[in-house]
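Below is one structure, written out as structure tokens; the observations come after it.
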Amino acid sequence: MEFPELESYFQNLTDITDRIAMMNNHFDATPDVDIPMLDEFYDDMQSHAWETTEREYYELFTSYFTFHVKTVEEIVQEAREILNPENREYVKKLVSHIKNADDWFLGLKKRRKMLRTQVA
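One rule links them: number in our numbering = place in the sequence shown (from 1) + 1.
See below:
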């Protein structure tokens, strides 16, 4: 299986996340477009067998991924402080994204550990 070049791959995710963050500050933000793009990116991310990658690549992936999740958590926290009722449904979707990302990542770590144990 071929894996993406991580810097450019996660730059795409950063661009999507940056546009989502605009919902907290800009009237012309488009979370109705950007959050589905986040979902599509996440679907693609889940399609890769990250647990089979070399250690260095996996650790870099982990760094990028956990940074992304923390960034979305900050967007949610800011949105909750602003309390814009128009963003309520988007905030719920982002909270769901965080939970799903955390659950998926926990499963990924378990699969990787299991694979590494079988190889040893």
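We put the beta carbon where it would ideally sit given N, CA and C, even for glycine.
Excluding the 5 residues flanking it on each side, Phe4 has same chain C-beta neighbours closer than 8 Å at His49, Trp51, Thr54 and Tyr58, in chain order. Glu75 and Leu61 have their alpha carbons spaced roughly 21 Å apart.
Listed in chain order, the beta strand (DSSP E) elements of length 3 or more contained wholly in the region 13 to 50 amount to none. In the DSSP assignment, Phe62 falls within the alpha helix (DSSP H) that extends over Arg56 to Ile83. Here the alpha carbons of Gln119 and Lys71 stand approximately 32 Å from one another.
Only residues of its own chain outside the window of five on either side were considered, and among them Thr18, Leu95, His98 and Ile99 have a CB closer than 7 Å to the CB of Val73, listed in chain order.
Counting only residues of its own chain and dropping the five nearest sequence neighbours on each side, Asp35 has a CB closer than 7 Å to the CB of Ile17, Arg20 and Ile21. Rounded to whole angstroms, the Cβ separation of Ala30 and Met24 is 4 Å, and the two are in contact under 8 Å.
When the Cα atoms are used, Lys110 and Thr63 turn out to be separated by approximately 10 Å.
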